[in-house]
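**Student:**
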Amino acid sequence: MRNIFKYITETQLWKSIFRHDYEDTPRNRALQILGNVFLHLHPARITRLGVKLKHTWCMGGITFFLFIILTVTGVLLMFYYRPTVADAYWDMKDLEFTVRFGLLLRNIHRWAGHLMVITIMLHMFRVFMTGSYKPPREFNWVLGVVLLVLTLLLSFTGYLLPWDQLGFWAITVGTNMARAAPVIGHEGPLGEIIGTTVYNDLRFALLGGSQVGANALLRAYVWHCIGIPIIAIVFMAVHFWRVRKDGGISGPL
Amino acid sequence: MKGIFESLEEILLSRRDFLVKLGWGGIISFLIGSAIATVKFFFPRVLFESPARFTVGKPEDYSFGKVNASYKDSHRICVVRKEDGSFFCVSLICTHLGCTANWKPSEGIFHCPCHGSKFDRMGINFAGPAPRPLDRFKLDHTPEGELIVDKSVIYKGIFGMNSDVIYPQSLLKV
Ligand code: HEM
Ligand code: FES
Numbered sequence: 004m005r006n007i008f009k010y011i012t013e014t015q016l017w018k019s020i021f022r023h024d025y026e027d028t029p030r031n032r033a034l035q036i037l038g039n040v041f042l043h044l045h046p047a048r049i050t051r052l053g054v055k056l057k058h059t060w061c062m063g064g065i066t067f068f069l070f071i072i073l074t075v076t077g078v079l080l081m082f083y084y085r086p087t088v089a090d091a092y093w094d095m096k097d098l099e100f101t102v103r104f105g106l107l108l109r110n111i112h113r114w115a116g117h118l119m120v121i122t123i124m125l126h127m128f129r130v131f132m133t134g135s136y137k138p139p140r141e142f143n144w145v146l147g148v149v150l151l152v153l154t155l156l157l158s159f160t161g162y163l164l165p166w167d168q169l170g171f172w173a174i175t176v177g178t179n180m181a182r183a184a185p186v187i188g189h190e191g192p193l194g195e196i197i198g199t200t201v202y203n204d205l206r207f208a209l210l211g212g213s214q215v216g217a218n219a220l221l222r223a224y225v226w227h228c229i230g231i232p233i234i235a236i237v238f239m240a241v242h243f244w245r246v247r248k249d250g251g252i253s254g255p256l
Numbered sequence: 150m151k152g153i154f155e156s157l158e159e160i161l162l163s164r165r166d167f168l169v170k171l172g173w174g175g176i177i178s179f180l181i182g183s184a185i186a187t188v189k190f191f192f193p194r195v196l197f198e199s200p201a202r203f204t205v206g207k208p209e210d211y212s213f214g215k216v217n218a219s220y221k222d223s224h225r226i227c228v229v230r231k232e233d234g235s236f237f238c239v240s241l242i243c244t245h246l247g248c249t250a251n252w253k254p255s256e257g258i259f260h261c262p263c264h265g266s267k268f269d270r271m272g273i274n275f276a277g278p279a280p281r282p283l284d285r286f287k288l289d290h291t292p293e294g295e296l297i298v299d300k301s302v303i304y305k306g307i308f309g310m311n312s313d314v315i316y317p318q319s320l321l322k323v
């Protein structure tokens, strides 16, 4: 057994992929982090407090974990779901009643979505309570606010996709709030003066029409499955990178 | 001659600087142009929404003093015939955040299911978060004597006002 393992890890193929051996030295451990495209975002060394559950609650980590779950289950859902007025609702029903493990899949996606909103807020709360938003970490707080908004938008766009009464009216109500945005909303301050109407304001661009309809469903789908996740991934990469660059997880004040 | 060239060199860019500025200028104007095009792209030019003008039957189909909700699902409106026989068309789009208010014949009110706003049979808000009365749409008749609604002409409900008084043109006398 040992020999086989040794043989494999000494082949040129293996060594071309994994540059460091497993010898457990501090230097090697740091190199393993630095030499890995995914792990290099992570600090090579962290303070003792950084791994303490009582300090971080691991809430940022859990939020990221939920994001991964949502990505995987979301891609699976896409194999059965069609974002059209005629199909969307019935595809959800098919997922629940005819697709193997479809009900489980749909529920994992839904619960993880709800949970992510909760954990991101707890993460924000913990960062606030530990004072970790203070210099040099101010910018990571700003990135965090962007991530919070993106998470809420993911929640919001996903809400319309089942195309049921709940989602339909929630999106009607939610996008009507955009009407009241200054200048770019037709009922907001200055809107009427510069000539914004139901047919050229922010809400119109979001819905692709003057009411929630086929275009709105398709737009919500594309933003939910492609647009916002890509933007969120970029922000998350920078967020993690900044944790490292700002000196790792914050220590006691 | 030499003097002129020397002072020209001070004003003019070198070939290198000129090309660098030209290159960056091109890239930046391309990016700005693409950004504008992308924003415009999100505003569709052709919509497949229900038409703004549609007929709603003949005046005889409506009884005096009744609110007719048969066009609620298709067009989100009610046609109201008052006791004096005149008509108006009320929009069911709740003035709070846009759900469809339902006509409740037993209570004689419009009731929005989303956050509970209530409007009387004239469309005037009296309970819940709705900030103003329901809007009205223009009602007219076709040469064939049918009633026709024009949703592109909106008589906007104004807080504390009776639309009968401020928009006499919203009432159709037959
Ligand atoms: C998609 C959402 C987010 C993800 C996946 C995420 C992930 C993470 C992770 C993994 C950490 C390392 C420490 C920990 O686990 O607590 C972290 C740290 C941090 N996060 Fe977030 N985060 C998110 C949103 C936010 C929000 C909403 C804020 C605040 C507005 C924020 C501000 C910060 C700050 C300032 C740090 C550094 C904390 C320290 O060094 O102690 N993040 N984040
Ligand atoms: S949308 Fe009607 S009460 Fe809120």
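These protein sequences, in sequence, are chains Y and V. Position in the first sequence counted from 1, then plus 3, gives you our numbering. Position in the second sequence counted from 1, then plus 149, gives you our numbering. All C-beta atoms, glycine included, are put in the ideal place defined by N, C-alpha and C. On a predicted model such as this, the values are computed, not experimentally measured, just so you know.
In chain order, what residues place their C-beta within less than 5 Å of a heavy atom belonging to the ligand FES?
**Tutor:** That gives V:C243, V:H245, V:L246, V:C248, V:C261, V:C263, V:H264, V:S266.
**Student:** Looking at C-beta atoms only, is the number of pairs between the region 204-215 of chain Y and the region 51-63 of chain Y that lie closer than 8 Å three or more?
**Tutor:** They do not touch, by the three-pair rule.
**Student:** For L253 of chain V, which residues does DSSP report across the bridge?
**Tutor:** For the sequence presented, residue 253 of chain V should be read as Lys rather than Leu. Bridge partners of K253 of chain V: V:I258.
**Student:** So V262 of chain V and N274 of chain V are supposed to be a Cβ contact under 8 Å. How far apart are they, rounded?
**Tutor:** The identity of residue 262 of chain V in the sequence shown is Pro, whereas the question assumes Val. 15 Å between Cβ atoms; not a contact.
**Student:** How long is the line joining the alpha carbons of L196 of chain V and M132 of chain Y, rounded to whole angstroms?
**Tutor:** About 50 Å.
**Student:** To the nearest angstrom, how far is the alpha carbon of M271 of chain V from that of V120 of chain Y?
**Tutor:** If you take the alpha carbons of M271 of chain V and V120 of chain Y, they lie about 43 Å apart.
**Student:** Residues of chain Y with CB under 9 Å from L196 of chain V, in chain order?
**Tutor:** Within chain Y, the residues near L196 of chain V are Y202, G211, G212, S213, G216, N218.
**Student:** So A91 of chain Y and L164 of chain Y are supposed to be a Cβ contact under 8 Å. How far apart are they, rounded?
**Tutor:** Rounded, the Cβ-Cβ distance is 7 Å, consistent with contact.
**Student:** Can you tell me the Cα-Cα spacing of R51 of chain Y and V237 of chain Y, whole angstroms?
**Tutor:** The alpha-carbon atoms of R51 of chain Y and V237 of chain Y are separated by roughly 28 Å.
**Student:** What residue range does the beta strand (DSSP E) around K215 of chain V cover?
**Tutor:** That run of the beta strand (DSSP E) goes 215-217.
**Student:** Any beta carbon of chain Y sitting closer than 8 Å to that of L283 of chain V?
**Tutor:** No, L283 of chain V does not count as interfacial toward chain Y.
**Student:** Could you check which residue in V:D222, V:E256, V:K215 has the C-alpha nearest to that of E232 of chain V?
**Tutor:** The shortest Cα separation from E232 of chain V among V:D222, V:E256, V:K215 belongs to V:K215.
**Student:** Please confirm whether T154 of chain Y and I174 of chain Y have their CB atoms less than 8 Å apart.
**Tutor:** Result no, Cβ atoms of T154 of chain Y and I174 of chain Y do not sit closer than 8 Å.
**Student:** With a threshold of 16 other CB atoms inside 10 Å of the CB of T200 of chain Y, please say whether the residue is buried or exposed.
**Tutor:** Looking at its Cβ environment, which holds fewer than 16 other Cβ atoms inside 10 Å, T200 of chain Y is exposed.
**Student:** Pick out whichever of V:P208, V:F192, V:I185, V:R230 has its Cα sitting closest to the Cα of E293 of chain V.
**Tutor:** Comparing Cα-Cα distances from E293 of chain V to each of V:P208, V:F192, V:I185, V:R230, the minimum goes to V:P208.
**Student:** How should A89 of chain Y be labelled, buried or exposed, when 16 other C-beta atoms within 10 angstroms of its C-beta is the threshold for buried?
**Tutor:** Looking at its Cβ environment, which holds fewer than 16 other Cβ atoms inside 10 Å, A89 of chain Y is exposed.
**Student:** Taking the alpha carbon of Y83 of chain Y as the reference point, which residue from Y:I231, Y:F68, Y:T101 has its own alpha carbon closest?
**Tutor:** Comparing Cα positions, the closest option is Y:T101.
**Student:** DSSP three-state label for K267 of chain V, please.
**Tutor:** K267 of chain V: strand per DSSP, three-state reduction.
**Student:** DSSP beta-bridge partners for L288 of chain V?
**Tutor:** Looking at the DSSP assignment, L288 of chain V forms a beta bridge with V:V298.
**Student:** Using a beta-carbon distance cut-off of less than 7 Å, what residues from the region 152-179 of chain Y approach chain V?
**Tutor:** If the cut-off is 7 Å between Cβ atoms, the region 152-179 of chain Y has W172, T175, V176, N179 near chain V.
**Student:** For F142 of chain Y, tell me which candidate among Y:M4, Y:Y10, Y:K18, Y:R245 has the shortest Cα-Cα distance.
**Tutor:** Checking every option, the nearest Cα to that of F142 of chain Y belongs to Y:R245.
**Student:** At what residues does the alpha helix (DSSP H) containing A276 of chain V begin and finish?
**Tutor:** No alpha helix (DSSP H) contains A276 of chain V, which is instead part of the beta strand (DSSP E) from 274-276.
**Student:** Could you pull out every residue in the same chain whose Cβ sits closer than 8 Å to the Cβ of R225 of chain V, ignoring the five residues on either side in sequence?
**Tutor:** S240, L241, I242, T249.
**Student:** Which residues, in chain order, does the region 83-103 of chain Y contribute to contact with chain V at a C-beta distance below 7 Å?
**Tutor:** From the region 83-103 of chain Y, no residue has a Cβ closer than 7 Å to chain V.
**Student:** Would the C-beta of R245 of chain Y count as close to the ligand MN, meaning under 7 Å from any of its heavy atoms?
**Tutor:** For the structure depicted, the ligand MN is absent and the ligand set comprises only the ligand HEM and the ligand FES.
**Student:** Could you give the distance in angstroms between the alpha-carbon of I303 of chain V and the alpha-carbon of L288 of chain V?
**Tutor:** Going by the C-alpha atoms only, they are around 10 Å apart.
**Student:** If you drop the 5 nearest sequence neighbours on each side, which residues of the same chain put their C-beta closer than 7 Å to that of G77 of chain Y?
**Tutor:** Answer for G77 of chain Y: H112, C228, listed in chain order.
**Student:** Is any beta-carbon of chain Y found at less than 8 Å from that of F192 of chain V?
**Tutor:** For F192 of chain V, the answer is yes, since a Cβ of chain Y falls inside 8 Å of its Cβ.
**Student:** Measuring alpha carbon to alpha carbon, tell me which residue in Y:G251, Y:A181, Y:I36 is nearest P139 of chain Y.
**Tutor:** Checking every option, the nearest Cα to that of P139 of chain Y belongs to Y:G251.
**Student:** For chain V, check one thing: does any of its Cβ atoms lie closer than 8 Å to the Cβ of F41 of chain Y?
**Tutor:** It does not; no Cβ of chain V falls within 8 Å.
**Student:** For chain V, is any of its Cβ atoms less than 8 Å away from the one on L207 of chain Y?
**Tutor:** A small correction: the amino acid at residue 207 of chain Y is Phe; Leu does not occupy that position in the sequence shown. Closer than 8 Å: yes.
**Student:** May I ask you to report which of helix, strand or coil DSSP gives Y304 of chain V?
**Tutor:** Residue state, collapsed to three classes: strand.
**Student:** Whose CA, out of Y:M95, Y:G254, Y:G194, lies closest to the CA of Y136 of chain Y?
**Tutor:** Of the candidates Y:M95, Y:G254, Y:G194, the one whose C-alpha sits nearest the C-alpha of Y136 of chain Y is Y:G254.
**Student:** Would you tell me roughly how many angstroms separate the C-alpha atoms of K96 of chain Y and G38 of chain Y, rounded to the nearest one?
**Tutor:** If you take the alpha carbons of K96 of chain Y and G38 of chain Y, they lie about 46 Å apart.
**Student:** So, at 6 Å on beta carbons, what are the nonlocal neighbours of T160 of chain Y in its own chain, with the 5 sequence-adjacent residues on each side left out?
**Tutor:** Excluding sequence neighbours, T160 of chain Y sits near A223, W226, H227.
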